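Read top to bottom, the protein sequences are chains A and B. With this note's numbering applied, the first sequence corresponds to residues 1 to 263, in that order. With this note's numbering applied, the second sequence corresponds to residues 1001 to 1275, in that order. Backbone N, C-alpha and C fix where the C-beta goes; we use that ideal spot for every residue, glycine too. Since the model is a prediction, treat every value here as computed from it, not as a measurement. The structure appears below as structure tokens.
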Amino acid sequence: MSTDPKRSRSTLRASVTLLAAAALYEAIARTGYFPPALMPTLPSVWNALFNSLIDGTMIMHAAATMYRVMVGLGIAVAVGLPLGILMGRFKPIEHFFMPLVSALMPIPSLAWVPVFILWFGLGNTVAILIVVYAAMFPMVLNTWAGVRAVNPLWLRAAGAMGADERRMFWKVIMPGASPFIITGLRQAFLRAWIAVIGAEFLAASDFGLGWVIFDAKEFLNADLMLASLIVIGGIGFLFERLVFGSIEKATVERWGMVQMVKG
Amino acid sequence: MADATTDTGAFAALSSAPQRDARWRVVARNVFPFVVVFGLWEIVARSGMFPPRLFPSLVTVARAFVDLTLSGILLHHTFDTLLRLFAGFFLAAVVGVTLGILMGRSRRAEDIILPLVSIGAPIPGLAYAPLFLLWFGLGNKSTVLLVAFVSAFSVIFNTWTGVKAVKEVWVRSAQAMGADDRRLFVKVILPGALPYILTGLRLGLAQAWRILVGVEMLAAVPWGLGWMIFGAREFLNTDVMLAGVFVIGVLGLALEKLVFQKLEQYTVMRWGMMT
Chain A
1 MSTDPKRSRS
11 TLRASVTLLA
21 AAALYEAIAR
31 TGYFPPALMP
41 TLPSVWNALF
51 NSLIDGTMIM
61 HAAATMYRVM
71 VGLGIAVAVG
81 LPLGILMGRF
91 KPIEHFFMPL
101 VSALMPIPSL
111 AWVPVFILWF
121 GLGNTVAILI
131 VVYAAMFPMV
141 LNTWAGVRAV
151 NPLWLRAAGA
161 MGADERRMFW
171 KVIMPGASPF
181 IITGLRQAFL
191 RAWIAVIGAE
201 FLAASDFGLG
211 WVIFDAKEFL
221 NADLMLASLI
231 VIGGIGFLFE
241 RLVFGSIEKA
251 TVERWGMVQM
261 VKG
Chain B
1001 MADATTDTGA
1011 FAALSSAPQR
1021 DARWRVVARN
1031 VFPFVVVFGL
1041 WEIVARSGMF
1051 PPRLFPSLVT
1061 VARAFVDLTL
1071 SGILLHHTFD
1081 TLLRLFAGFF
1091 LAAVVGVTLG
1101 ILMGRSRRAE
1111 DIILPLVSIG
1121 APIPGLAYAP
1131 LFLLWFGLGN
1141 KSTVLLVAFV
1151 SAFSVIFNTW
1161 TGVKAVKEVW
1171 VRSAQAMGAD
1181 DRRLFVKVIL
1191 PGALPYILTG
1201 LRLGLAQAWR
1211 ILVGVEMLAA
1221 VPWGLGWMIF
1231 GAREFLNTDV
1241 MLAGVFVIGV
1251 LGLALEKLVF
1261 QKLEQYTVMR
1271 WGMMT
């Protein structure tokens, strides 16, 4: 933080690099060496992005994708968080669920897409379930690890000072496990974000950013594809930086927990 | 699960005869959940609540698995998938480690590569799939390239961090003791950055694996586990699909346990870089 001039210099360098890369791309695209349908020039990508934003289609698709991610992530958190806490606190529950989690985790969520399509038909349900599957494991495992990583000294100190079960949970265990839980949430979102695109490719319902890209391929609309890629990357980036960054600031950093995790 | 079982396993081995049954208890404890889940599945499947084509009993799935294995079809699918995985991953490892080390050692390389990598990284790898299919055509070429492209990011980032994290004191003391550039690199920087590089490779392989199954469904490759599951959908062969999912799960587990944990034991742990 202290070296502001250094920081602006690296921003400058980054922008120079990116401009050079863009110029190189543009030059190659304009030579006509590759067909323009496959390698559109930057202005045409920009046009595609701008037009689809103006007429609202891109926003609608992004909203459909976000809806799927949010519902799926919500279910994954609603199930995964309590499960992880229970697994961290009670041995029998850990013994029952841990083998199942370890067995299911290495199966990529996309492998379930065809199975889910058969069971639930094309459409929203499949995409949401795939998101749930993808987001569940980071949530469960990180919560579990977090609850187990709470310093036993704190637990005993709180117990000695007369904290009951409920207060122990809210005042010691939850804050203590929160850095892990937030990491889990972050990973869950990233996984969900990847999975939803894949699910939208395969279980093509009529909306969603993944569907736009896949549909654009049929009509050789590389400009629209690149435009949706920009939107997908932008949303992912914004979420990572703004949402999770501010959650972290409001909770973990204020409680002074982050140092411990990083150290 | 891994921690718990190995801990108790080591314990049982230490205190030999009287606690031999402790081992059995661990095995039983790990098997029990599967017995419950499989039992529930079997009951639901046999109750006729869902059509058996869509919700086959485990016996049918096992039979499909055995049939596919005996006829060699499953083996062919698996072999092709693994070949693609390793081809893509190998490409990613070579390119990623090279770029990461360059970025860590040279200021100029960092300035050029880092912005490009940071822009590409937040886009989910699978989203590039249609673009790659458009550019490189359906089939093996785009599958392997996409797998390589996707897994390269975590390799690059971790290698870069690892090279940057090598202690300045080590570098300077090696130089003071007269190490030339090559020896500095081989003896100090590479071992110092290795824990990070291995983490990157591990993450990269996991990512490659997750993406590959999806890409195989999209890229219309003639063989491959992803394609096998997706193709079985057309004929409502749910048993084949579930057998395929099972194989995918076993392979994923094997990759993690056999390839990377072993590699870590032989290198990083032996050098005392990690506990």
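Which chain A residues are close to B/R1029, counting only those with a beta carbon under 9 Å from its beta carbon?
H95, F96, P99
So with CB distances below 8 Å, who are the chain A contacts of B/T1238?
What B/T1238 touches in chain A: V115, L118.
Against chain B, with Cβ distances strictly below 8 Å, would A/F214 count as a contact?
yes
Continuous alpha helix (DSSP H) stretch holding B/D1080: start and end
1073–1105
Below 8 Å on the Cβ atoms is my contact criterion, and I expect B/G1088 with B/V1147 to pass it. Report the Cβ-Cβ distance as a whole number of Å.
3 Å
Can you give me the C-alpha to C-alpha distance between B/W1170 and B/D1180, rounded to a whole angstrom?
14 Å
Output the distance between the C-alpha atoms of B/R1084 and B/F1246, rounded to the nearest integer angstrom.
19 Å
If you measure between the beta carbons of A/I181 and A/E248, is that distance less than 8 Å?
no
To the nearest angstrom, report how far apart B/V1259 and B/L1205 are at their CA atoms.
10 Å
Confirm, please, whether the CB-CB distance from B/L1126 to A/G198 is below 8 Å.
Taking a C-beta distance under 8 Å as the contact criterion, A/G198 and B/L1126 qualify as a contact pair.
Please check if any C-beta of chain A sits within less than 8 Å of the C-beta of B/P1051.
no
Selection of the stretch 1205–1216 of chain B by Cβ proximity to chain A, strictly under 7 Å
W1209, R1210, V1213, G1214
Do we get a CB-CB distance below 8 Å when we pair A/A23 with the residues of chain B?
no
Beta-carbon neighbours of B/I1112, restricted to chain A and to distances below 7 Å
T17
What number of angstroms, rounded off, separates the C-alpha of B/M1217 from the C-alpha of A/F34?
27 Å
For A/M139 versus A/L155, is the C-beta distance shorter than 8 Å?
Contact: no.
On a CA-only basis, which of B/G1096, B/P1124, B/K1257, B/F1136 is nearest B/G1162? Give me that one, please.
Comparing Cα positions, the closest option is B/G1096.
B/D1067 - containing alpha helix (DSSP H), residue span:
1058–1070
What residue from A/F189, A/D164, A/A76, A/M105 has the CA that sits closest to B/P1122's CA?
A/F189
Less than 7 Å separating the Cβ of A/T41 from some heavy atom of the ligand NAD?
The ligand NAD is absent from the structure shown, which contains no ligand whatsoever.
Excluding five sequence neighbours on each side, which residues of the same chain lie with their C-beta closer than 7 Å to the C-beta of A/V71?
I128
Residue from A/V101, A/F219, A/G74, A/I75 with nearest C-alpha to A/L87:
It should be pointed out that residue 87 of chain A corresponds to Met in this sequence rather than to Leu. Minimum Cα distance to A/M87 is reached at A/V101.
Out of curiosity, what's the CA-to-CA distance linking A/I213 and A/P152?
Going by the C-alpha atoms only, they are around 50 Å apart.
Minimum C-alpha distance to B/L1091 - residue among B/L1253, B/H1076, B/F1153, B/A1109:
B/F1153
If contacts are defined as beta-carbon pairs under 8 Å, then B/V1044 and B/F1055 qualify, I think. What distance do you get, rounded to the angstrom?
7 Å
Distance check for A/D215 and A/D55, CA to CA, integer angstroms please.
18 Å
Given that a residue counts as buried once 16 or more other Cβ atoms are within 10 Å of its Cβ, and exposed if not, what is A/R68?
Buried: at least 16 other Cβ atoms inside 10 Å.
To the nearest angstrom, report how far apart A/A14 and B/S1106 are at their CA atoms.
15 Å
Contact criterion: CB-CB distance below 8 Å. Does A/G236 meet it with respect to chain B?
Chain B has a Cβ within less than 8 Å of the Cβ of A/G236.
Name, please, each residue of chain B whose Cβ falls closer than 8 Å to the Cβ of A/M225.
P1130, L1131, L1134
Using CA coordinates, which residue listed in A/P106, A/S44, A/F137, A/E94 is at the minimum distance from B/L1276?
Outside the shown range of chain B, which is 1001 to 1275, sits residue 1276 of chain B, and nothing can be said about it.
Please compile the residues from chain A whose C-beta is within a distance smaller than 9 Å of the C-beta of B/I1248.
P106, I107, P108, A111
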